[in-house]
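Residue numbers (full-length UniProt numbering): 1 to 104.
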């Protein structure tokens, strides 16, 4: 059973990802979708737990949910969420041939 983060933690992370990282959400979901990710036109992070992040993706086929496992495996600490999202971003850039921006 995956670790469940407190609702306020999840809410803060989703607010940050959907407010400050909309383009990253799109990049990540395009790289990790099973199909050609170019048909994804919008992506919003909708949840997370200790095993994965969840995004609502909109594309040619309509709206669907995409869950992506954390690259390092299951997590239980809030600080690990940032590490794993950054890892997803870096992997997405590598898969799509995009130059990643530096991480602060």
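Beta carbons are placed, not taken as given, at the ideal position from N, Cα and C, and that holds for glycine.
Buried/exposed call for residue i, threshold 16 Cβ in 10 Å
i: residue 82; result: exposed
i: residue 33; result: buried
i: residue 29; result: buried
i: residue 17; result: buried
i: residue 45; result: buried
i: residue 24; result: buried
i: residue 9; result: exposed
i: residue 98; result: exposed
i: residue 87; result: exposed
When the options are compared against residue i, the one with the closest alpha-carbon
i: residue 40; options: 7, 103, 63; result: 63
i: residue 2; options: 52, 103, 97; result: 52
i: residue 151; options: 5, 61, 103, 57; result: In the structure displayed, the chain extends from 1 to 104; residue 151 sits before or after that span and is not available.
Helix, strand or coil at residue i [DSSP, three-state]
i: residue 90; result: helix
i: residue 6; result: coil
i: residue 95; result: helix
Can you give, in chain order, each stretch of the alpha helix (DSSP H) that sits fully within the stretch 10-88 and has at least 4 residues?
22-32
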